[in-house]
Amino acid sequence: MAALQRKSLAGRCAANRNSLGAFSRLRRNGNRISHVCLLEKWMNAARGAAGCRSTKSLAINELVGRDLAEPAGNGISPSNFAISGTSEIAKRHLLSIRGEPLFLANWENLIFIHYETDPQELQRCVPYDLDCYHGRAFVSLVAFTMHGMRPRFGGRIGELLLRPIATHDFLNVRTYVRHKGEPGIYFMREWLSSRIAACLGPWSFGLPYRFGRIDYQPSTGCGSAGDHERRGKVEADARSFHFCATFEANDLGICTSESLDEFLLERYTAFTQFRKCRRFFRIWHEPWQQVPAKIQIATDDLIHSTGRWWRDARCIGGNYSPGVNVWMGWPHAIDNSDRHSVTSGEALIL
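Below, the structure written as structure tokens:
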């Protein structure tokens, strides 16, 4: 009898533990959902107020004020994108729309890993026209940490609301596209270490966010003076991507004009598609201070899930940058009726 009582008591204790565990998980999920709802409400309110905000502290007033947003150059001819002041042109381009930018943040310790692949195979994976460099098509992986994201307006309340998603790690898979003559990037997949941000990205910006377990090791010295190494691993859906980048941290500089590095790095417009809704948003930062990096890949099956472009891809190298302060613009809807085809950029533009 005593044994039966002990067994019954143990069963009740286990059931209580299971109930408490389920309640704890439900409460955590409820808190996460509540915070997502609060962020959604804040962004809707902020959008209504954006047009009334002054950008005097960011740029000359006459560059700001048009309400229409269309990624067709806004009066800036394609040839002008190729001038040495590409970053300054990008700033003017962003600020030509009322209420921009939306967010401010720091992007830190970036590793760019570049793959060359077959243009026709890649185009089948992308809903926009490819932007090719002398007929060559590329996909880049970008591993970095975003730190201190905050709204440009909304004050302390807006900053507090964004605090749970202000700092987290990313691994982006992106390719290079054009829409109505404007060059940019298209995100094929993005893994990030924030579950809340992973919920917000698709509906707000159309970004293909996925949650992933990300571990980026701090840069460490190795070998001769100035040589550094940065390792990282990203795991999701029982797949992984592990890499090691080595670079000379003392040899930073901007990209050479009209080089492949400039083509791959100096991009200031992002095009997205979520379900049937196509969007774009613009960013601005100073030109990348970067250095070439040697890349070693240990495992890469996570990247295989991003499309058949991978079958013919080969890694051609990478870049390292300590980071930039960045402005991020509002998402804007664009026309869904355009068809796409492969285009080739002979000149380096934005």
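Throughout, the numbering used here is defined as the position within the sequence shown, counted from one, plus 74. C-beta: ideal position from N, C-alpha, C; glycine also.
Just curious, the alpha helix (DSSP H) that G275 is in, first and last residue?
-> Sequence index remark: in the sequence shown, residue 275 carries index 201 (1-based). Element bounds for G275: R269 to F279.
Requested in this report: Kindly list the residues whose CB is nearer than 8 Å to the CB of H378, restricted to its own chain and excluding five residues on each side of it in sequence; keep chain order.
Outcome: Taking the sequence shown and counting its residues from 1, the one referred to as residue 378 is at position 304. Excluding sequence neighbours, H378 sits near R313 and W384.
What's the gap between the Cα of C206 and the Cα of P366?
-> Taking the sequence shown and counting its residues from 1, one reaches residue 206 at position 132. Taking the sequence shown and counting its residues from 1, one reaches residue 366 at position 292. Going by the C-alpha atoms only, they are around 21 Å apart.
- Query: Within the chosen definition, does the region 227-244 reach the region 206-219 through at least 3 CB pairs nearer than 8 Å?
  - Reply: yes
Exercise for the section: Quick one: using the 10 Å Cβ neighbour count with 16 as the cut-off for buried, is S40 buried or exposed? Expected result: Since the first residue shown for the chain is 75 and the last is 424, residue 40 is missing from the structure and cannot be characterised.
**Study point:** Buried versus exposed call for L234 [16 or more other C-beta atoms within 10 Å across all chains shown]
**Key:** As a first step, residue 234 must be located in the sequence shown, where it is residue number 160. By the 10 Å Cβ count, L234 comes out exposed.
Check: If you draw a straight line from the C-alpha of F317 to the C-alpha of M262, how long is it?
Finding: By 1-based counting over the sequence shown, the position of residue 317 is 243. By 1-based counting over the sequence shown, the position of residue 262 is 188. Computed Cα separation, rounded: 19 Å.
Please determine whether the Cβ atom of H208 lies at a distance below 7 Å from any heavy atom of the ligand FMN. Questions concerning the ligand FMN fall outside what the structure shown contains, since it holds no ligand whatsoever.
- Item | Simplified DSSP state of T160, which is helix, strand or coil | Stepping through the sequence shown from its first residue, residue 160 is reached at position 86. T160: helix per DSSP, three-state reduction.
Buried or exposed (CB count within 10 angstroms, at least 16 for buried), K165 | Indexing the sequence shown from 1 puts residue 165 at position 91. So K165 ends up on the buried side.
Start and end residues, beta strand (DSSP E) containing D203
For the purposes of this step, residue 203 is taken as residue 129 along the sequence shown, with counting starting at 1. Per DSSP, D203 belongs to the beta strand (DSSP E) from D203 to Y207.
### Message
Out of R210, T320 and L376, which one is the CA nearest neighbour of D301?
### Response
Your numbering for residue 301 matches position 227 in the sequence shown. Comparing Cα positions, the closest option is T320.
Notebook entry, point to check: Does the region 196-203 come close enough to the region 247-260 to have 3 or more Cβ pairs within less than 8 Å?
Noted result: yes
Straight-line Cα distance separating E340 from T426: A query on residue 426 cannot be resolved here, the shown segment of the chain reaching from 75 to 424 and no further.
Practice prompt. Indicate whether L266 and G280 have their beta-carbon atoms separated by less than 8 Å.
Written response: In the sequence shown, residue 266 corresponds to position 192, counting from 1. In the sequence shown, residue 280 corresponds to position 206, counting from 1. Result no, Cβ atoms of L266 and G280 do not sit closer than 8 Å.
- By Cβ distance below 6 Å, which residues in the same chain neighbour R248 in space, the five residues on each side in sequence not counted? Locating residue 248 in the sequence shown gives position 174, counting from the first residue. Cβ neighbours of R248 beyond the five flanking positions: S214, I259 and F261.
*Contact check, N393 vs N180, beta carbons under 8 Å*: Taking the sequence shown and counting its residues from 1, one reaches residue 393 at position 319. Taking the sequence shown and counting its residues from 1, one reaches residue 180 at position 106. In this structure, N180 does not lie closer than 8 Å to N393 by Cβ.
- prompt: Which of the three DSSP states, helix, strand or coil, is assigned to Q194?
  reply: Locating residue 194 in the sequence shown gives position 120, counting from the first residue. Q194: helix per DSSP, three-state reduction.
| request: Could you tell me the boundaries of the beta strand (DSSP E) in which E264 lies? | output: Counting from 1 along the sequence shown, the entry for residue 264 is found at position 190. Run containing E264: E256 to L266, per the beta strand (DSSP E) assignment.
Margin query: On the CB-based measure, 16 or more other CB atoms within 10 Å of its CB, does Q197 come out buried or exposed?
Written below: Residue 197 sits at position 123 when you count from the first residue of the sequence shown. Looking at its Cβ environment, which holds 16 or more other Cβ atoms inside 10 Å, Q197 is buried.
_Status (buried if at least 16 other CB within 10 Å, exposed otherwise) for F315_ = Translated into positions along the sequence shown, residue 315 becomes position 241. With 16 or more other Cβ atoms within 10 Å, it is buried.
- Query: With DSSP run on the structure shown, which of helix, strand or coil describes F337?
  - Reply: Your numbering for residue 337 matches position 263 in the sequence shown. Helix at F337.
K350 classed as buried or exposed, judged by whether at least 16 other C-beta atoms fall within 10 angstroms: What you label residue 350 is simply residue 276 of the sequence shown in a count that begins at 1. So K350 counts as exposed.
**Q.** 8 Å contact criterion, which I163 and R304 should meet: CB distance rounded
**A.** Within the sequence shown, numbered from 1, the residue matching residue 163 stands at position 89. Within the sequence shown, numbered from 1, the residue matching residue 304 stands at position 230. In fact, because the Cβ distance is near 31 Å, the residues do not count as touching under 8 Å.
Using DSSP's beta-bridge definition, name the partner residues of A407.
Within the sequence shown, numbered from 1, the residue matching residue 407 stands at position 333. As computed with DSSP, A407 is found in a beta bridge with R353.
Can the beta-carbon of P276 be found closer than 8 Å to that of R353? As a working note, residue 276 is residue 202 in the sequence shown. As a working note, residue 353 is residue 279 in the sequence shown. No, the pair does not count as a contact, with Cβ atoms beyond the cut-off.
Report task. Have a look at R310 and L376 and give me their C-alpha separation to the nearest angstrom. Result -> Numbered from its first residue, the sequence shown carries residue 310 at position 236. Numbered from its first residue, the sequence shown carries residue 376 at position 302. It should be pointed out that residue 310 corresponds to Ala in this sequence rather than to Arg. The alpha-carbon atoms of A310 and L376 are separated by roughly 7 Å.
Check: With a Cβ-Cβ cutoff of 8 Å, do A344 and Y189 count as a contact?
Finding: Counting from 1 along the sequence shown, the entry for residue 344 is found at position 270. Counting from 1 along the sequence shown, the entry for residue 189 is found at position 115. Not in contact: A344 and Y189 (Cβ atoms no closer than 8 Å).
What are the boundary residues of the beta strand (DSSP E) that includes C391? By 1-based counting over the sequence shown, the position of residue 391 is 317. It is Gly, not Cys, that sits at residue 391 in the sequence shown. Here the beta strand (DSSP E) through G391 covers R388 to M402.
For this session: Pick out whichever of S395, G391 and R356 has its Cα sitting closest to the Cα of R172.
Result: As a first step, residue 172 is located in the sequence shown; it is residue number 98 there, counting from the start. The shortest C-alpha separation from R172 is found at R356.
(Q) Which residue marks the beginning of the alpha helix (DSSP H) containing D375, and which one marks its end? (A) As a working note, residue 375 is residue 301 in the sequence shown. Element bounds for D375: D375 to H378.
Own chain residues within Cβ distance below 7 Å of C199, not counting five before or after: Residue 199 sits at position 125 when you count from the first residue of the sequence shown. Contacts found: M262, G381, R382 and W383.
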